[in-house]
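In the numbering used here, the protein residues as written are 4 to 56.
The structure is reproduced here in structure tokens:
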């Protein structure tokens, strides 16, 4: 099983929050590669955890 190592130079990290959410929802809807969906999920969670109110 592959681990989700941080990818600082990955273009996923450069997406806006809205674009990232759109990419994630569409990747799931289109049943794209599971590893790609995991990368999107990891970035979404990282951003969500980074938001402190």
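Glycine is no exception: its CB is placed at the ideal position from the N, C-alpha and C atoms.
Bear in mind the structure is a predicted one, so any value in this text is a computation, not a measurement.
Beta-carbon separation (whole angstroms), residue i vs residue j, contact threshold 8 Å
i	j	result
residue 15	residue 42	6 Å
residue 40	residue 32	Rounded, the Cβ-Cβ distance is 11 Å, inconsistent with contact.
Distance, residue j Cα to residue i Cα
i	j	result
residue 52	residue 24	15 Å
residue 4	residue 36	Here residue 4 scores only 49 on pLDDT, less than 50, and its place in the model should not be relied on; the value that follows carries that caveat. The alpha-carbon atoms of residue 4 and residue 36 are separated by roughly 14 Å.
residue 50	residue 27	13 Å
residue 45	residue 34	17 Å
Cutoff 8 Å: residue i Cβ touching any chain B Cβ
i	result
residue 29	Protein chain content of the structure displayed is limited to a single chain, and chain B is not contained in it.
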